[in-house]
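In my numbering, the protein residues as written are 9 to 134.
All C-beta atoms, glycine included, are put in the ideal place defined by N, C-alpha and C.
Notes follow once the structure below has been shown.
Structure representation (structure tokens):
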């Protein structure tokens, strides 16, 4: 990273979605240029051509950063994580995802299997 790490077709012919990731701030123009260069590299590698003149272009851009969980030092000192974990099971609501565990999918599946699902089953028996 930084890199365009996934390309996928959409229902619209010739239109693809691209996911780009980076661990640090990059200006939008640099990200768009990197995405376009990656698209051109894919075209060269697989001998694809663009449906329009001029090659690939970006028709929509959405920035979803930051995606990492960020909690201030003061909030952590004020027991943020203890308070967050205390929400599990309140009003029979159970939480999962990267806010509750690391950003790795195996860790999320583990918390689901060994912590969340048993509590859901226990709540259903009540």
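A distance below 6 Å between beta-carbons, with the five flanking residues on each side excluded, links residue 79 to the following residues of its chain, in chain order: 88.
About 11 Å separates the beta carbon of residue 29 from that of residue 42, a gap too long to meet the 8 Å contact definition. Under the DSSP assignment, residue 39 falls in the alpha helix (DSSP H) whose first and last residues are 36-54. Exposed is the label assigned to residue 45, since fewer than 16 other Cβ atoms lie within 10 Å of its Cβ. DSSP places residue 69 in the coil class of the three-state scheme, outside both helix and strand.
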